[in-house]
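Notes to accompany the following structure.
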Amino acid sequence: MRKQKNFQFIICGTDTDIGKTLISSFFVRGLDSFYWKPIQSGIGDETDSQAVYRLSKVNQKKILKEAYIFNEPVSPHWAAEIDQNIIKKELLTLPKVNGSLILEAAGGLMVPLTRDFLQIDQIKNWDLPVILVCRSSLGTLNHTLLSIEALQKRNIKILALVINGKKHLDNPKTIRDFSGIPIIAEFPYLKNINIKQLDILWEELNIKEKLDLIFK
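Heads up: the sequence shown is residues 551 to 766, going by my numbering.
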């Protein structure tokens, strides 16, 4: 019997509210992987971990406990201060799991975790490759190319990009031409998100085959 290949990578975004949790759910379900959101800033109707569990329906044990949950939906360093806490790097140690792992970063790459430590520095410490989620719409060229430059400057491996949102006729091509980074998916706008839609897209976009090639 052929051994199942495991994939471990970080889902990052060019901005906050970019769709990282949706894309994380997509990969978690498709790979039946573990999921970890180390830092949750803001508690609304549900946490990101709860949303991923709802959309992926993996075994609940695969949704790993957050290292930090803060009340306010603001930058992690400030959210921690409001809650009279401080983010300690030693509590952000990468969990050891027997299987694939999707780690979802908080907000954009350059958000501070403390007053002297950026999230991108912690991404470097984790030493995992990233998949960068970016918008399809106006403004994405600047945000995406700057994010790519920041990651490459720190020698953080970028596996691929996910373009999230309504289809744009030029932005994906321009990003690919300037960056040279493959686009693993142009993820369409979904009005009503459900498991069936995610499963259909997983097959239609040939994600597993693309991951096999990227990780070859």
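The C-beta atom is built at its ideal place from N, Cα and C for all residues, glycine as well.
At a cut-off of 3 residues, the continuous stretches assigned as beta strand (DSSP E) that sit fully inside the segment 600 to 657 are 618 to 620.
Linking L651 to H718 through their CA atoms gives a straight-line distance of about 30 Å. Separation of V647 and F557 (C-alpha to C-alpha, rounded to the nearest whole angstrom) is 11 Å. Counting only residues of its own chain and dropping the five nearest sequence neighbours on each side, N635 has a CB closer than 8 Å to the CB of Y618 and F620. If you compare the alpha carbons of S583, K555 and V602 with that of G569, the shortest gap goes to V602. Secondary-structure assignment with DSSP links W586 through a beta bridge to L653. No Cβ-Cβ contact shorter than 9 Å links P679 with I589.
Nearest to Y739 by alpha-carbon distance, out of L641, L751 and L659, is L751. Comparing alpha-carbon positions, the option among F737, I745 and I733 lying closest to L763 turns out to be I733. A distance below 9 Å separates the beta carbons of F584 and I613.
In the structure shown, the three-state DSSP call for E736 is strand. When L653, I731, N744 and E622 are compared, the shortest CA-CA separation from I713 is found for I731. Under DSSP, R685 shares a beta bridge with N714.
For E736, the closest C-alpha among the options K760, I670 and S686 is that of S686. Secondary structure note for T571: its alpha helix (DSSP H) is the uninterrupted segment K570 to L581. In summary, P645 is exposed, with fewer than 16 beta-carbon neighbours lying within 10 Å of its beta-carbon over all protein chains present. When only Cα atoms are considered, K746 and D666 end up about 43 Å apart.
Secondary-structure assignment with DSSP links L719 through no beta bridge to anything. Taking C-beta atoms under 8 Å as the contact rule, T564 and T724 fail to qualify, at a distance of about 14 Å. Relative to R704, the option among I681, Q672, T690 and L711 whose CA is nearest is Q672. Closest option to M660, judged by alpha-carbon separation, among K638, W586 and I698: I698.
Where L663 is concerned, there is no enclosing alpha helix (DSSP H), although the beta strand (DSSP E) around it starts and stops at P662 to T664. Relative to the Cα of A629, the nearest Cα in the group L572, N742, A656 and E754 belongs to A656.
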